[in-house]
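Peer 1: Once you've had a glance at the structure underneath, I'll fire off some questions.
There are 2 protein chains.
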Amino acid sequence: MSKLSGEKTSVTMQSVAAAAGVSPMTVSNTFRYPERVQEETRQKVLRIAAELGYVPNYAAGNLASGQSRVIGAVIPSIKNSSFYNYVRGMQDAVASEGYELILKLADTQRNETAAIETFVGLRVAGIALVGDEHEEQALRLMRKTGVPVVEAWVQDAPFDMAVGFSTYEATRALVDLLLESGRRHIGFIGYAGAASRRFKQRMPAFRERLAAYGLRSDLVHLVDETDGFGAGPKALEGLFRLDPDLDALLCPTDIVAAGVVFECGRRGWRVPEQIAVVGWGDYEIASEITPALTTLQPNTYQMGQAAMRMIVERVKGDESAGKIMDTGFEVLRRDSVSWTSEPMRGISTVTA
Amino acid sequence: MSKLSGEKTSVTMQSVAAAAGVSPMTVSNTFRYPERVQEETRQKVLRIAAELGYVPNYAAGNLASGQSRVIGAVIPSIKNSSFYNYVRGMQDAVASEGYELILKLADTQRNETAAIETFVGLRVAGIALVGDEHEEQALRLMRKTGVPVVEAWVQDAPFDMAVGFSTYEATRALVDLLLESGRRHIGFIGYAGAASRRFKQRMPAFRERLAAYGLRSDLVHLVDETDGFGAGPKALEGLFRLDPDLDALLCPTDIVAAGVVFECGRRGWRVPEQIAVVGWGDYEIASEITPALTTLQPNTYQMGQAAMRMIVERVKGDESAGKIMDTGFEVLRRDSVSWTSEPMRGISTVTA
DNA sequence: TAAATCAATTGTAGCGCTACAAATGCAGAA
DNA sequence: TTCTGCATTTGTAGCGCTACAATTGATTTA
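Those protein sequence lines, which keep their order, are chains A and B.
Under my numbering, the residue at position 252 of the first sequence is numbered 252, and the numbers go up by one with no gaps.
Under my numbering, the residue at position 210 of the second sequence is numbered 210, and the numbers go up by one with no gaps.
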């Protein structure tokens, strides 16, 4: 008797088999390979199993077969909504493949490693991570066990497989949009400290693009990732001091952008007329504040789906090591950028 | 050889034992009951295990012992931030107890049942749910297996154990706050449809309290839970039509409240002078918009902690069935309610 | 009619680990 | 010196399930 269930008796495959008058293997097959079992037999087994309240023990199945139908995903945060669609995409994809998704939250690399250890300990079928910065210990572990790993929000040099979009291209598209709208004094808000690669490629893209058009590319202000809305006011202050003619702002997230918009309101600056504001991430707030935020929408739902599919295909035997999928992005043009002034010549906006 | 690991060889307890020149049981004890193993032996085993890259197989351990160090939590949503601190509390609590927390997302009761089935299949040590409305199938399953279950945001009649706060008391405290601030035409925004019990007790509390002071208690408007910010404008429109003297609004979440504030801005109505707005949940946006929202802050971090502790204690053998913990709440007074007019006589605000 | 074929079912072994009881070895007591 | 008590270590059995090979029995083919 299982200790887990305390005084309750536990229903095993054995007991179901006995009650149904078949062998344990027939019960096993009924659940794992229904097509191997005759319709009539299968119905009987299912009925008895339901009556007895049988719940397959995944731990035992996993141990016996060396296989698992559980995939683990590590999510850096649920504080903001940017991972909502990513998780939904994963959920929907695994459901249609007959797998299960379990999540672990890890806000630091240390915790990510712990989460990976748990998943490996559970012998999951695959692991989905966000970003490409992991502790050496985590890398060793994944390398050693050979568990399929997908990194989301990653475009190059994956540990195993990756799915993402080019933040370089995306930033370029946003800068081009601002140039097209007639802005010439464009500020950039970046994250200071150990912010992940997800943010790293943006600043170079920003600088190169502006430099290419002979414009100031040094209007950069770094804020703390944990500041949330509060980062907006700080950055606005800092950038305005660098260039009083500041007429556009590229923000690292819609949250920061919303903070900027609120602060502009407090200062009586009109958005978008005086200052155009561009967010990143298509958070819910982006479409709800006034003016609605022009922002970058990564196809995170598709990213989640793709991540799960890659793992399932690998399990099925595809030789997919090193595979990278690009799920693209879209620039959502909304009211926080206006097209009133003369566009920069030679600019044409890329939107996907 | 495990099929999971493909062509890599898998390191088992056996191989560690052989390499360290001890029996498998000593390796097992080293990990599970370190105090049973001599310091010297333990160090050697740990060193060898690290060198070989050994990762304990939880599935096997679970099967052999009937115990698990993994606790599963079902979260209804990560779309908004209200569960952030709840999850953090759970994480911190399990970490200090030597357990692991895994999450599953379930936005419907159907999905919740599926999540519970997965957790039961994995033979987790306990399950944390949100709310007290579950499918019959889920209840049967939990009853049958006897797995420890904690319901969060629940105050009475738990399935097994519960942790929460009184939404009745909380609503009363908010109504009293508005009465104290001098409001007399208070509107209530509720959720229509199958919104959970988390919302159900609020309307009666609202009505009773207003009725007790001889004020209108029928200024109620129901909105769709999925509307987000958009619910604000709809409700404002509906309630204003019921009573043009409307001077305060109780919202089901800070998101809806923010929607109301934004809409007031569009209509040129001043908050809080013309209309006081009260939110619920202490979302990040509540302190960032202008005016900052007066809102109700449930101690969700403490709720998460308490939930995990209850499960761990149950596993340790405490007879804790039916246990209920109250983690309380706080009313955060901010700018969206002002104290300009004469207070209702006899009112004194309760804040925890 | 006998042999071959095939779908459906079954027995056996073992996945990696831990509970439990048994064995070992060593200090101090008699 | 032998015995007892104790900390430490070790065999053994088995958790619940599935891979795989073997078996059964009905149907088809020669």
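Heads up, the beta-carbon is just placed ideally off N, CA and C, and yes, glycines get one too.
Counting only the same chain and skipping the five closest in sequence on each side, list residues whose C-beta sits under 6 Å from that of V312(A).
Peer 2: Here residue 312(A) refers to the residue found at position 312 of the first sequence. E97.
Peer 1: Where do the N-terminal and C-terminal ends of the alpha helix (DSSP H) with I311(A) fall, by residue?
Peer 2: To locate residue 311(A), count along the first sequence from 1; it is residue 311. I311(A) -> alpha helix (DSSP H) spans T300 to K316.
Peer 1: Please list the terminal residues of the continuous alpha helix (DSSP H) segment that includes D326(B).
Peer 2: On the second sequence, position 326 is the one that residue 326(B) refers to. Note, D326(B): premise wrong, no alpha helix (DSSP H); beta strand (DSSP E) at I324 to D326.
Peer 1: Please state whether DSSP places E135(B) in a helix, a strand or coil.
Peer 2: Counting from one through the second sequence, the residue named residue 135(B) turns up at place 135. In the structure shown, E135(B) sits in coil (DSSP, three-state: anything other than H, G, I, E or B).
Peer 1: Quick one: give me the first and last residue of the alpha helix (DSSP H) that I186(B) is part of.
Peer 2: Counting from 1 along the second sequence, the entry for residue 186(B) is found at position 186. No alpha helix (DSSP H) holds I186(B); the beta strand (DSSP E) holding it covers I186 to Y191.
Peer 1: Is the region 143-160 of chain B in contact with the region 313-331 of chain B, if contact means three or more CB pairs nearer than 8 Å?
Peer 2: The region 143-160 of chain B, when compared against the region 313-331 of chain B, does touch it at the 8 Å Cβ threshold.
Peer 1: Using a beta-carbon distance below 8 Å, is V22(A) in contact with chain B?
Peer 2: For this step, residue 22(A) is matched to residue 22 along the first sequence. V22(A) does not count as touching chain B.
Peer 1: Any Cβ of chain A within less than 8 Å of the Cβ of V149(B)?
Peer 2: If you number the second sequence from 1, residue 149(B) lands on position 149. No, V149(B) does not count as interfacial toward chain A.
Peer 1: I want to verify the contact list: residues of chain A whose CB lies under 7 Å from the CB of E100(B), in sequence order.
Peer 2: Position 100 of the second sequence, counted from the first residue, corresponds to residue 100(B). T118, listed in chain order.
Peer 1: Please return the same chain residues whose Cβ sits closer than 7 Å to the Cβ of A306(A), not counting the five positions on each side in sequence.
Peer 2: By one-based count along the first sequence, residue 306(A) stands at place 306. V163, M325 and T327.
Peer 1: By alpha-carbon positions, which one of S23(B), R266(B) and A128(B) ends up nearest to A73(B)?
Peer 2: For this step, residue 73(B) is matched to residue 73 along the second sequence. Nearest of S23(B), R266(B) and A128(B) to A73(B), Cα basis: A128(B).
Peer 1: Taking its Cβ as the centre, do 16 or more other Cβ atoms sit within 10 Å of E112(B), making it buried, or is it exposed?
Peer 2: The residue labelled residue 112(B) in the question sits at position 112 within the second sequence. Buried, by the Cβ-count rule.
Peer 1: Based on Cα-Cα distance, which residue from S181(B), A205(B), R198(B) and E35(B) lies nearest to F188(B)?
Peer 2: The count along the second sequence starts at 1 and reaches residue 188(B) at position 188. The shortest Cα separation from F188(B) among S181(B), A205(B), R198(B) and E35(B) belongs to A205(B).
Peer 1: On the criterion of 16 or more Cβ atoms from any shown chain inside 10 Å, does R172(B) qualify as buried, or is it exposed?
Peer 2: To locate residue 172(B), count along the second sequence from 1; it is residue 172. R172(B) should be labelled buried.
Peer 1: Taking the alpha carbon of S77(B) as the reference point, which residue from E225(B), A59(B) and F119(B) has its own alpha carbon closest?
Peer 2: Taking the first residue of the second sequence as position 1, residue 77(B) is located at position 77. The option with the nearest alpha carbon to S77(B) is E225(B).
Peer 1: Apply the 10 Å Cβ neighbour rule to M310(A) and answer buried if 16 or more other Cβ atoms are within range, or exposed otherwise.
Peer 2: Residue mapping note: residue 310(A) aligns to position 310 of the first sequence, counting from 1. Label assigned to M310(A): buried.
Peer 1: Can you tell me whether A211(A) is buried or exposed? The criterion is at least 16 other CB atoms within 10 Å of its CB, across all chains shown.
Peer 2: Within the first sequence, the letter at position 211 stands for residue 211(A). Its Cβ having fewer than 16 others within 10 Å, A211(A) is exposed.
Peer 1: Could you check whether V337(A) and S181(A) sit closer than 8 Å to each other, using their CB atoms as the reference points?
Peer 2: Looking up residue 181(A) in the first sequence gives position 181. Looking up residue 337(A) in the first sequence gives position 337. Contact flag set, yes.
Peer 1: When the Cα atoms are used, what is the spatial distance from G61(A) to K44(B)?
Peer 2: Residue mapping note: residue 61(A) aligns to position 61 of the first sequence, counting from 1. Residue mapping note: residue 44(B) aligns to position 44 of the second sequence, counting from 1. In a straight line, the C-alpha of G61(A) is about 32 Å away from that of K44(B).
Peer 1: Buried or exposed for S23(B), going by 16 or more other Cβ atoms inside 10 Å?
Peer 2: Indexing the second sequence from 1 puts residue 23(B) at position 23. With fewer than 16 Cβ atoms within 10 Å of its Cβ, S23(B) is classed as exposed.
Peer 1: M203(B) and G193(B) - do their beta-carbons sit closer together than 8 Å?
Peer 2: Against the second sequence, residue 193(B) aligns to sequence position 193. Against the second sequence, residue 203(B) aligns to sequence position 203. Not a contact, by the Cβ cut-off of 8 Å.
Peer 1: Check whether the region 291-303 of chain A and the region 259-273 of chain A are in contact - that is, three or more C-beta pairs closer than 8 Å.
Peer 2: Output reads yes: the region 259-273 of chain A touches the region 291-303 of chain A.
Peer 1: Please say whether T300(B) and W280(B) have beta carbons closer to each other than 8 Å?
Peer 2: Here residue 280(B) refers to the residue found at position 280 when the second sequence is read from its first residue. Here residue 300(B) refers to the residue found at position 300 when the second sequence is read from its first residue. No.
Peer 1: Strictly under 8 Å for the Cβ-Cβ distance: is P158(B) near chain A by that measure?
Peer 2: Along the second sequence, read from residue 1 onward, the residue named residue 158(B) stands at position 158. No, P158(B) does not count as interfacial toward chain A.
Peer 1: Measure the Cβ-Cβ separation of A115(B) and M308(B) and say whether it is below 8 Å.
Peer 2: Within the second sequence, residue 115(B) is the residue found at index 115, counting from 1. Within the second sequence, residue 308(B) is the residue found at index 308, counting from 1. No. Outside cutoff.
Peer 1: Identify every run of the alpha helix (DSSP H) within the region 199-251 of chain B, keeping only runs that are complete inside it and at least 4 residues long; order them along the chain.
Peer 2: 202-212 and 231-242, all fully within the region 199-251 of chain B.
Peer 1: Which word fits Y33(B), buried or exposed, when buried means at least 16 other C-beta atoms lie within 10 angstroms of its C-beta?
Peer 2: On the second sequence, residue 33(B) is found 33 positions in, with the first residue counted as 1. It is exposed - the Cβ of Y33(B) has fewer than 16 other Cβ atoms within 10 Å.
Peer 1: From the DSSP output, which residues share a beta bridge with L103(B)?
Peer 2: The residue given as residue 103(B) occupies position 103 in the second sequence. DSSP output for L103(B) lists L103(A) and A73(B) as bridge partner(s).
Peer 1: Under 8 Å, Cβ to Cβ, is there at least one residue of chain A near L105(B)?
Peer 2: As a first step, residue 105(B) is located in the second sequence; it is residue number 105 there, counting from the start. Closer than 8 Å: yes.
Peer 1: Can a CB atom of chain A be found closer than 8 Å to the CB of G228(B)?
Peer 2: Reading the second sequence from its first residue, position 228 is the one you call residue 228(B). Cβ-Cβ to chain A under 8 Å: yes for G228(B).
Peer 1: When burial is assigned at 16 or more other CB atoms within 10 Å of the CB, is L4(B) buried or exposed?
Peer 2: In the second sequence, counting from the first residue as 1, residue 4(B) sits at position 4. Any reading at L4(B) is ruled out, since the residue's pLDDT is 35, under 50, leaving its predicted position unreliable.
Peer 1: Taking its Cβ as the centre, do 16 or more other Cβ atoms sit within 10 Å of T30(B), making it buried, or is it exposed?
Peer 2: On the second sequence, position 30 is the one that residue 30(B) refers to. Per the 10 Å Cβ criterion, buried.
Peer 1: List the residues of chain B whose Cβ lies closer than 9 Å to the Cβ of T290(A), in chain order.
Peer 2: Position 290 of the first sequence, counted from the first residue, corresponds to residue 290(A). Under the 9 Å cutoff, chain B gives F262, G265 and R266.
Peer 1: For chain B, check one thing: does any of its Cβ atoms lie closer than 8 Å to the Cβ of L141(A)?
Peer 2: Here residue 141(A) refers to the residue found at position 141 of the first sequence. Yes, L141(A) counts as interfacial toward chain B.
Peer 1: Tell me which residues of the region 50-62 of chain B have at least one Cβ-Cβ distance to chain A shorter than 8 Å, keeping chain order.
Peer 2: Within the region 50-62 of chain B, the residues whose Cβ lies closer than 8 Å to some Cβ of chain A are G53, V55, P56, N57, Y58, A59, A60 and N62, listed in chain order.
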